[in-house]
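Residue numbers (this note's numbering), protein chains in the order written: chain D, 1 to 189; chain B, 1 to 189.
Even for Gly, the Cβ is constructed at its ideal location relative to N, Cα and C.
Note that this is a predicted model, so its numbers are computed, not measured.
Quick notes on the structure that follows.
There are 2 protein chains.
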Amino acid sequence: MKFCSHCGSKVQLRVPDGDNRDRYVCVDCDTIHYQNPRVVTGCLAAWEDKVLLCRRAIEPRSGYWTLPAGFMENGESVHEAAMRETLEEANARIELQGLYTLFNLPHANQVFIIYRGRLLDLDYSPGVESLEVGLFREDEIPWQDIAFSMVEETLRLYFRERDNGGFETHTRTIVRISKEPRRYRIETP
Amino acid sequence: MKFCSHCGSKVQLRVPDGDNRDRYVCVDCDTIHYQNPRVVTGCLAAWEDKVLLCRRAIEPRSGYWTLPAGFMENGESVHEAAMRETLEEANARIELQGLYTLFNLPHANQVFIIYRGRLLDLDYSPGVESLEVGLFREDEIPWQDIAFSMVEETLRLYFRERDNGGFETHTRTIVRISKEPRRYRIETP
C-alpha cells in the first residue's frame, strides 16, 4: 500500500495514537487503513463412502487436489460462501451438515474454515478453477498430491471420525517452517 | 474507495474479466482491490459460576455490556486474537477451552467468533475501551443492557449448556431487520 484509497495522497507506516501496531496512515487526510485476515471457506462433501475433491487449475498448487474452497465475500455468511465455492469449483450442489475444521494460517493472514456436507446429486463437473473433479474412497485419495496441509488434516480427521461414528469441530494452526521447500507444522489449536 | 492504493490513480467499480462481482479496479494499473469480511473474536471467560462482561466505552453501543472482543489482526490466530482482546479490554488472563459460537453478520461484513475460556485470576480491570468490567452470575446479567444480539445469544447458550453438562460449537446468522430502531433476527445456521 502506497497511496490513500480515500484521497489519493501518500501513506506512511506508523503507529496511530492510541494504537500499538504499525498501520498505513494517510499523510494528508489521516485515514487509517487497517488490514485484516481473510476467510477462506469450503466443504468436505460426501456421497456414500466417498468425498469430493477438485484438482486445481490455478496457482498456488496448480495440479494438486483440494477441497472446493475460496475467499468469503462481503454480504454473505460463511456457510453461503462454502456452498457457493463448491458450486463454482465443482458445479456441485450440497447440503451442509456443520462447521468441521477451522485452521489459522498466520503466515498467510488467513482463516480457513471447512464445513461437512452431503452431495445432493452426482451431476458435478470441473468449474473454471478446476482441472478435474472426482469422488474418492479413503483408499483412493491421492494423499501424495494433496494441495494443502489443512486439506490433508481435514480428510484424515473425517475418515477417522466417520469410522468412529461422531464428528466434532476442530481448530488447528498451520505454522510455516520454510517457504521453499514448502514445510509446515500443524499445531492444536 | 476512490483511489488505487498501489499507484494513486482513480478506481472504478466494475466486474473484472472472469469475475461476477463488482470490484474497485484501477483505471491505470488495473489492480483489483478485493474487499472481504473481517473477523471479530473474543471470549466468554468464566470464574466459578460467573462470567466476565465489559461495559463499552466506545461506539457502537457505548455504555452497554459485552464480552471482550475485537478485530483479529494480521499475523495472529483467532484464539490468540481472542486472548489478546480479553487482555486489552479487561486486563484479564484466560485459558481458552474451545471454539464456542460463530455468528455471520452479512450486513456488517463480519464474522464474530467467541471462545469459551476460564479466568486465571481475579486481577481484572477496565481497559481503555471499557468503562467497567465485572463478573456476573446468570441471575445478575444485565439482560436489558447487552450491547449485541450475538453476545446475548452466546450467554443464553452458555448457561443452558453449562446446566446440562456439555458444550457444543454453534453457528448462527444475525439478519438485520431495521437499522433504526435496531432490530435483528437470529437464524440457524
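The count of Cβ pairs closer than 8 Å, one atom from the segment 142-149 of chain D and one from the segment 133-147 of chain B, stays below three, leaving the stretches out of contact.
For the pair Leu135 of chain D and Trp47 of chain D, the CB atoms are nearer than the 8 Å cut-off. In this structure, the beta-carbon distance from Ile94 of chain B to Leu122 of chain B does not fall below 8 Å.
Within 7 Å of the CB of Arg14 of chain B, no CB atom of chain D is found; the nearest one sits about 16 Å away. Between the segment 54-70 of chain D and the segment 82-92 of chain B there are fewer than three inter-stretch CB-CB distances shorter than 8 Å, so the stretches are not counted as touching. Cβ neighbours of Leu67 of chain D within its own chain (closer than 6 Å, five residues either side excluded): Gly42, Leu44, Val151. Contact residues of the segment 167-182 of chain B toward chain D are Thr169, Thr171, Thr173 (C-beta to C-beta distance below 7 Å). Against chain D, the CB of Ser130 of chain B has no partner CB under 8 Å away; the residue lies outside that interface. With respect to the 8 Å criterion, Leu102 of chain D and Leu99 of chain B are classified as neighbours on the basis of their beta carbons. Taking 8 Å as the cut-off, the beta carbon of Cys29 of chain B is found no closer than this to the beta carbon of Val133 of chain B. At a beta-carbon threshold of 7 Å, none of the residues of chain B lie near Glu95 of chain D; the nearest stands roughly 12 Å away. Look at Ser5 of chain D: its C-beta is under 8 Å from a C-beta on chain B. Restricting attention to B:Ile32, B:Cys4, B:Tyr64, the CA atom closest to the CA of Asp17 of chain B is found in B:Ile32. Counted as a single uninterrupted DSSP element, the beta strand (DSSP E) harbouring Glu132 of chain B occupies residues 130-136.
With respect to chain D, the C-beta atom of Ser77 of chain B has a partner C-beta closer than 8 Å. Comparing alpha carbon positions, the residue from B:Ala69, B:Val39, B:Asp19, B:Ala147 closest to Glu88 of chain D is B:Asp19.
Counting only runs of 3+ residues, the beta strand (DSSP E) found wholly inside the segment 21-106 of chain B occupies 23-26, 38-47, 50-56, 69-71, 94-105, in chain order. Annotation: Glu168 of chain D to Tyr124 of chain B spans about 33 Å, alpha carbon to alpha carbon. Taken in chain order, the members of the segment 49-74 of chain B whose beta-carbon sits within less than 8 Å of a beta-carbon on chain D are Phe71, Met72, Glu73, Asn74. No residue range can be given for Leu122 of chain D, since it is assigned to no beta strand (DSSP E) and is classified by DSSP as neither H nor E. Val11 of chain D carries a strand assignment under DSSP once its states are collapsed to helix, strand and coil.
Straight-line spacing of the CA atoms in Asn36 of chain B and Val40 of chain D works out to 10 Å. Approximately 7 Å separates the beta-carbon atoms of Lys2 of chain B and Ser5 of chain D; this is inside 8 Å, confirming the contact. In the three-state reduction of the DSSP assignment, Ser5 of chain D falls in the coil class. Secondary structure note for Glu187 of chain D: its beta strand (DSSP E) is the uninterrupted segment 183-187. Taking a Cβ-Cβ cut-off of 8 Å, the neighbours of Val39 of chain B in chain D comprise Asn36, Pro37, Val39, Val111, given in sequence order. Under the DSSP assignment, Thr154 of chain D falls in the alpha helix (DSSP H) whose first and last residues are 149-164.
Following the DSSP letters along the chain, one finds Ile174 of chain D inside the beta strand (DSSP E) bounded by residues 170-178. Contact check for Tyr24 of chain D against Ala147 of chain D fails: the beta carbons are separated by 8 Å or more. Residue contact with chain B for Arg156 of chain D: absent (no Cβ-Cβ distance below 8 Å to any residue of chain B).
With a beta-carbon spacing of about 6 Å, Ile113 of chain D and Val78 of chain D fall inside the 8 Å limit used to define contacts.
Taking 8 Å as the cut-off, the Cβ atoms of Asn109 of chain D and Asn74 of chain B count as close. Looking at the DSSP output, Gln110 of chain B shares a beta bridge with B:Arg38, B:Leu105. The beta carbon of Leu131 of chain D sits closer than 6 Å to the beta carbons of Arg55, Ala57 from its chain, once the five residues preceding and following it are set aside; these are given in chain order. Interface criterion not met: the Cβ of Met83 of chain B is under 8 Å from no Cβ in chain D. Out of B:Glu85, B:Arg160, B:Val27, the CA that lies nearest to the CA of Val128 of chain B is found in B:Glu85.
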